[in-house]
Each structure stands twice: as C-alpha cells, then as structure tokens.
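In our numbering, the protein residues as written are -18 to 48.
Here a beta-carbon is modelled for each residue, glycine too, at the ideal position from N, C-alpha and C.
In this text, all values refer to a predicted model and were calculated from it rather than measured experimentally.
As structure tokens, the structure follows; a few thoughts come after it.
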C-alpha cells in the first residue's frame, strides 16, 4: 500500500515513520520518500492499524491517490 504523509519532510521523519510502522509489523518492508511525502509499505497489518500508530507518532497518513 502507499500512504501520503504531509509532515514527513526529512530523513529523521522517515526513520520515525518506519519505526512506527514496524512497531505494528516488525517484518514490514517500508520505502519512504520524504521529498514526495509518500511511504510504500508491504505488510500484513491492516491499514487502520498503520494509520493509528502513525497518527499517535505525529505523522497522520492518508491513502495516496492512485496514479
């Protein structure tokens, strides 16, 4: 899945986002792109769980629009 995180603007933010996602699913594959403010995630965790943990970490996420 791909998520858009408006306030992920730097590498530190990207590390925080990755850590939050992996707190829900330690085996998740996470690819962050701070410049585009997107994150691609391969996980078995439900979207709602990821959105909740990211919101709690200060990085509210929305599903990225399809291209």
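Among the candidates the options, whose CA atom is the shortest distance from the CA of residue i?
{"i": "residue 45", "options": "22, 10, 9, 26", "result": "22"}
{"i": "residue -12", "options": "37, 9, 30, 15", "result": "15"}
{"i": "residue -10", "options": "1, 32, 19", "result": "19"}
{"i": "residue 32", "options": "8, 4, 17", "result": "4"}
Taking C-beta to C-beta, are residue i and residue j nearer than 8 angstroms?
{"i": "residue 43", "j": "residue -16", "result": "yes"}
{"i": "residue 28", "j": "residue -2", "result": "no"}
{"i": "residue 2", "j": "residue 9", "result": "yes"}
{"i": "residue 24", "j": "residue 6", "result": "yes"}
With a CB to CB cut of under 6 angstroms and the five nearest residues on each side skipped, what residues in its chain are close to residue i?
{"i": "residue -18", "result": "22"}
Does DSSP classify residue i as helix, strand or coil?
{"i": "residue -1", "result": "helix"}
{"i": "residue 43", "result": "strand"}
{"i": "residue -13", "result": "coil"}
Indicate, with yes or no, if the ligand GTP has a heavy atom lying under 7 angstroms from the CB of residue i.
{"i": "residue -14", "result": "In the structure on display, the ligand GTP does not appear, and there are no ligands present to speak of."}
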